[in-house]
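Chemist:
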Amino acid sequence: MEYVYGALLLHKLGKEVSEENVKKVVAAAGENA
């Protein structure tokens with residue numbers, strides 16, 4: 002579920018929703034990417 006939230010956050014911020022960016026968001030949130 003963390004990946005879905007990460008993608009939604011990137012979309013909301015106007016950033017590119019890519020696998021790499023989603024992994025960075027999940028890692029920054031403290032989850033295992």
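Sequential numbering from 2 applies to the sequence shown in our numbering. Note that CB positions come from ideal geometry on N, CA and C, so glycine has one too. Computed from a predicted structure; not experimentally measured.
Pull up the distance between the alpha-carbon of Asn-33 and that of Val-27, whole angstroms please.
Modeler: 7 Å
Chemist: Tell me which same chain residues have a C-beta within less than 6 Å of the C-beta of Val-23, skipping the five on either side of it?
Modeler: Tyr-4, Gly-7, Ala-8
Chemist: The alpha helix (DSSP H) that contains Gly-7, what's its start and end?
Modeler: 3-14
Chemist: Rounding to the nearest angstrom, what Cα-Cα distance links Gly-15 and Lys-25 in this structure?
Modeler: 15 Å
Chemist: Taking the straight line between their C-alpha atoms, what separation do you get for Ala-29 and Lys-13?
Modeler: 17 Å
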